[in-house]
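Residues in the sequence shown are numbered from 34 upward in steps of one, following this note's numbering. All C-beta atoms, glycine included, are put in the ideal place defined by N, C-alpha and C. If you're wondering where the values come from, they're calculated on a predicted model, not measured in any experiment. Below is one structure, written out as structure tokens; comments come after it.
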Amino acid sequence: VPAGDIGTGAREIGFLFGQYKRIRGSYEGVLTGKGLTYGGSLARTQATGYGLLYLTNALWKDHGMSLEGKTAAVSGSGNVAIYAIEKAQELGVKVVTCSDSTGWIYDPNGIDVALLKEVKEVKRARLTEYAAAKST
34 VPAGDIGTGA REIGFLFGQY KRIRGSYEGV LTGKGLTYGG SLARTQATGY GLLYLTNALW
94 KDHGMSLEGK TAAVSGSGNV AIYAIEKAQE LGVKVVTCSD STGWIYDPNG IDVALLKEVK
154 EVKRARLTEY AAAKST
């Protein structure tokens, strides 16, 4: 199932879906990552990152272990990483590092998800801006 990736979001998936509808005359769920106006999911942005932690948590529980109190590193800082960090913290995990194409950050107190979202989702900036904000 085609989906968004780096540089491809709901807008581009919407273009593809519009063409699919025009060519096929069908309104089927053939693309994931659509905007809400095209039948997209309310929690699409969070789904993969949250799902990763739901699965990880279930696996740990199956082995009689808990994620609570653990420390973790996350590779990346896009949608999957941001929402994996958010859900990990909700489950009691301290995530201390994440990365982007320019490098990585280390926050021994745990990644500030609100600041990370501001930097990556609102400002569309690099993690160097997170580091600069934390050092002030």
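Query: With a Cβ-Cβ cutoff of 8 Å, do V129 and A166 count as a contact?; Result: no
Query: Kindly list the residues whose CB is nearer than 7 Å to the CB of G125, restricted to its own chain and excluding five residues on each side of it in sequence; keep chain order.; Result: L100, E101 and G102
Query: So, are the CB atoms of Y71 and F48 less than 8 Å apart?; Result: no
Query: Give the DSSP-derived three-state secondary structure of K205 in the structure shown.; Result: In the structure as shown, the chain starts at 34 and stops at 169, and residue 205 therefore has no counterpart that could be examined.
Query: Count the other CB atoms within 10 Å of the CB of I115; is the residue buried (16 or more) or exposed (fewer)?; Result: buried
Query: Scan the stretch 88 to 163 and note each continuous alpha helix (DSSP H) run of 4 residues or more that stays entirely inside, going in chain order.; Result: 112 to 123 and 146 to 150
Query: By the 10 Å Cβ neighbour count, where 16 or more other Cβ atoms means buried, how is A121 classified, buried or exposed?; Result: buried
Query: Name the one or two DSSP bridge partners that T192 has.; Result: The question about residue 192 has no answer, for the chain in this structure spans 34 to 169.
Query: For E119, which residues of its own chain have a beta-carbon under 6 Å away from its beta-carbon, when the five flanking residues on both sides are left out?; Result: V146
Query: Would DSSP call T169 helix, strand or coil?; Result: coil
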